Amino acid sequence: MTVASASRADSAWAALNEVLDPEVPALSVVDLGLVREVIEHEDGLEIVLTPTYSGCPATEVIEQSVLDAIAAAGLGPARVSMRRAPAWSSDWISAEGRRKLLDYGIAPPGPVAADGAVPIRIVGRRAAAVPCPRCGSARTERLSAFGSTACKSLHRCLDCREPFEHFKPI
Amino acid sequence: MISSIKIPAAPELSYLLRLADTCLISGQRLGEWCGHGPILEEDIALSNMALDLIGQSRALLTLAGQRSGESFDEDQLAFLRDEIDYRNPTLAELPRGDFAFTILRNLVLSTWLKLMWERLRDSSDAELAAIAGKALKEARYHQQHAADWAVRLGDGTDESHRRCEAALAQVWLYIPELFEDDAVDAAATAAGLGPAWSQLQEPWLAEIGEVLGEAKLAVPPAPTFRSSGKRGLHSEHMGYLLAEMQYLQRAYPGGAW
Chain F
1 MTVASASRAD SAWAALNEVL DPEVPALSVV DLGLVREVIE HEDGLEIVLT
51 PTYSGCPATE VIEQSVLDAI AAAGLGPARV SMRRAPAWSS DWISAEGRRK
101 LLDYGIAPPG PVAADGAVPI RIVGRRAAAV PCPRCGSART ERLSAFGSTA
151 CKSLHRCLDC REPFEHFKPI
Chain E
1 MISSIKIPAA PELSYLLRLA DTCLISGQRL GEWCGHGPIL EEDIALSNMA
51 LDLIGQSRAL LTLAGQRSGE SFDEDQLAFL RDEIDYRNPT LAELPRGDFA
101 FTILRNLVLS TWLKLMWERL RDSSDAELAA IAGKALKEAR YHQQHAADWA
151 VRLGDGTDES HRRCEAALAQ VWLYIPELFE DDAVDAAATA AGLGPAWSQL
201 QEPWLAEIGE VLGEAKLAVP PAPTFRSSGK RGLHSEHMGY LLAEMQYLQR
251 AYPGGAW
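Rendered as structure tokens:
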């Protein structure tokens, strides 16, 4: 029983590794740190997810993709539950996930500032520039704090002149 | 036509609805900028913030439904309540105005919400504390966005300064409602649910004062007018907003994606 249980959870993790985020399709939900736990119950698997942003429109799609992947892997009945606390942090993106982001052309997030230590930054106290994911130059500028999705900001490299996105630390 | 739902008069439920409705109605107003932003990047930024706010309100409305004793879900609470049962402060429902008005209202409300979420992390209600932990991270980005623009426009051209000044004077009329307590706050404080709204005033004034100073905008005099949206008595704009927001669910009862 124990051996079988362990392998079923392992198989589930392997299947989840293939479930891509619909808005950043280079990364799996595991790379993004969305999967908290895979629990085995007598009546099936429970996949515990933590949503990234309160209003992320991909949340429902991700839930469905997770269930589809578990079903496709033949792992029996499964359900998804959401765990809000502790809140998701970009610090949970794996090293592998950060490498994939960079390869995909999105600058990965830096570490999240210690909680509560974020005063309003008024002009003159600019945040450090994000290195360009294409040429590596540190001479970049931010164009907008909100990019194609809430989790990304929009930047431009002053050397290679390419626009790029940055996965925001949150 | 599907009939409206009525909300039980429980103070702790009102406390949750005041917060949920502030997020929902602000989100609805910000969403109106989609396709109308002054530049594409701002169109996207305002729509993204609208999404965050609506997401926060979904979580809060779900929680309020569970605590209402009536098993209402988020959709029923959003689409089947009449104006009198909406509990957002009036400021949230005012028309979006020009870009300066939207920025100054966002500055005021995102700072208020950030301070609120900080405190709600210690709520006696674990689910509310969890929602706050997530929403706080988002509110910080919203506040930063509004502060950046307030400084850029307030300390900008004559025209942008004039517009910011006019917007601030308008916004300021609705500020007292954000910091006045009543029986709802007393019940929430007693239960450890969350802070009385008056407790946010001092830190709010400090942060807003810092931004306005940098933006070369003078803090307007305290108004004598008192708005009352959080008690269900709204401005004339609220009915139009709800008519648009609730139209589909009222016309096609029970319709779902």
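Residue numbers (this note's numbering), protein chains in the order written: chain F, 1 to 170; chain E, 1 to 257. Glycine residues also receive a C-beta, built at the ideal position from the N, C-alpha and C atoms. Source: prediction; values computed, not measured.
Output yes if chain E places a C-beta closer than 8 Å to the C-beta of residue 125 of chain F; else output no. Legend: pLDDT at residue 125 of chain F = 49, less than 50; position of this residue unreliable, no value from coordinates given.
Residue burial classification, residue 248 of chain E (beta-carbon count within 10 angstroms, cutoff 16): exposed
Spell out whether any CB of chain E is found under 8 Å from the CB atom of residue 163 of chain F. Taking Cβ atoms only, chain E never reaches closer than 8 Å to residue 163 of chain F, which makes this a no.
Any beta carbon from chain F within less than 8 Å of residue 17 of chain E's own beta carbon? No, residue 17 of chain E lies away from the interface with chain F (no Cβ there is under 8 Å from its Cβ).
Applying a beta-carbon distance threshold of less than 8 Å, which residues of chain F neighbour residue 202 of chain E? Ordered by position in chain F, no residue passes the 8 Å Cβ test against residue 202 of chain E, which lies about 16 Å from the chain.
Quick one: what's residue 44 of chain F bridged to in DSSP? DSSP lists F:41 as the beta-bridge partner residues of residue 44 of chain F.
Residue 140 of chain F, enclosing beta strand (DSSP E) - first and last residue: 140 to 144
Give a yes or no on whether 8 Å exceeds the smallest Cβ distance from residue 129 of chain E to chain F. yes
What does the alpha-carbon distance come out to for the pair residue 4 of chain E and residue 60 of chain F? Rounded to the nearest angstrom, the two C-alpha atoms are 28 Å apart.
Tell me which residues of the segment 30 to 63 of chain F have at least one Cβ-Cβ distance to chain E shorter than 8 Å, keeping chain order. 51, 53, 54, 55, 56 and 57
Since residue 146 of chain F meets chain E, which of its residues come closer than 9 Å, beta carbon to beta carbon? 41, 42, 44, 45, 46, 47, 48, 49, 141 and 145
With 16 other CB atoms within 10 Å as the buried threshold, where does residue 142 of chain E fall? Within a 10 Å sphere around the beta-carbon of residue 142 of chain E sit 16 or more other beta-carbons, which makes this residue buried.
Could you please tell me which residues of the segment 75 to 101 of chain F, in chain order, have their CB closer than 9 Å to any CB of chain E? 83, 84, 85, 86, 87, 88 and 89
Give me the chain F residues within the contact set of residue 54 of chain E, using Cβ-Cβ distance strictly less than 7 Å, ordered along the chain. 55
Distance between residue 133 of chain E and residue 86 of chain F (C-alpha atoms, nearest Å): 7 Å
Cβ shell of residue 102 of chain E (< 6 Å), same chain only, five flanking positions each side left out: 96
If you scan the segment 25 to 87 of chain F from start to end, which runs of the alpha helix (DSSP H) of 4 or more residues do you find wholly inside it? 59 to 72
Are the beta-carbon atoms belonging to residue 133 of chain F and residue 97 of chain F less than 8 Å from one another? no
On the CB-based measure, 16 or more other CB atoms within 10 Å of its CB, does residue 78 of chain F come out buried or exposed? buried
Report the three-state DSSP secondary structure of residue 166 of chain F (helix, strand or coil). strand
7 Å CB neighbourhood of residue 120 of chain E in its chain, flanking five on each side removed: Closer than 7 Å at the Cβ level, and outside the excluded window around residue 120 of chain E, lie 128, 129, 132 and 194.
Own chain, CB closer than 6 Å to residue 88 of chain F, minus 5 neighbours either side, in chain order: When the five nearest sequence neighbours on each side are left out, the beta carbons in the same chain lying within less than 6 Å of the beta carbon of residue 88 of chain F are those of 50 and 52, in order along the chain.
Collapsed DSSP secondary structure at residue 3 of chain F in the structure displayed: Note that residue 3 of chain F has pLDDT 49, beneath the 50 cutoff, so the model's placement of it is unreliable and the number below is only indicative. Reduced to three states, the DSSP call for residue 3 of chain F is helix.
For residue 170 of chain F, which residues in chain E fall below 7 Å Cβ to Cβ? 137
Under 8 Å by Cβ, that's how I've got residue 61 of chain E and residue 20 of chain E pegged, so tell me the actual separation to the nearest angstrom. 5 Å
Can you list, in chain order, the residues of its chain whose CB lies under 8 Å from that of residue 158 of chain F, leaving out five sequence neighbours each side? 137, 139, 140 and 141
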